[in-house]
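Inspection log for the structure reproduced underneath, given as structure tokens.
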Amino acid sequence: MEFEFTRDARNELLNRRELAFTLTYEGATPSRKIILEKIAALQNKNENLVVIDSLKTRFGKMEATGVARIYDSEESKLQTEREYLLKRGAAAGESEA
5 MEFEFTRDAR NELLNRRELA FTLTYEGATP SRKIILEKIA ALQNKNENLV VIDSLKTRFG
65 KMEATGVARI YDSEESKLQT EREYLLKRGA AAGESEA
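Here's what the structure looks like:
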């Protein structure tokens, strides 16, 4: 699984970094939880501060594009992020734990 970050912008108003990425993988599409863990590891951040907004795959390609956000603090993440995205991230963590 290889990441290529195509955009890395700082949003000072919302206390976060906004990353656009292209992911190349072999076999089945990796789960959101695995992708989130890998992004956190590559950026040296806590997994709890990372949110994956969108993840899109194309038929017949072993490639996915997506957008992730890395917050400065848990508080700013909870104030800003949409509730369904927080639940989506938490549900993946609970089912695999």
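Throughout the sequence shown, residue numbering follows my numbering, covering 5 to 101 in sequence.
We put the beta carbon where it would ideally sit given N, CA and C, even for glycine.
Asked	Found
Using 10 angstroms around the beta-carbon of Phe63, count the other beta-carbons present and answer buried if the total reaches 16, otherwise exposed.	exposed
Which of the three DSSP states, helix, strand or coil, is assigned to Asn19?	coil
What are the uninterrupted segments assigned as beta strand (DSSP E) that are 3 or more residues long and contained completely in the stretch 39 to 66, given in chain order?	54 to 61
Suppose you measure from the CA of Lys49 to the CA of Ile39; what does that come to, to the nearest Å?	13 Å
For Gly92, which residues does DSSP report across the bridge?	According to the sequence provided, residue 92 is Arg. The question's Gly does not apply to it. Paired residues: none, contrary to the question.
In angstroms with no decimal places, state the Cα-to-Cα distance between Asp57 and Thr33.	17 Å
CB Leu23 to CB Arg73, shorter than 9 Å?	yes
I need the straight-line Cα distance from Lys91 to Ala44, nearest angstrom please.	18 Å
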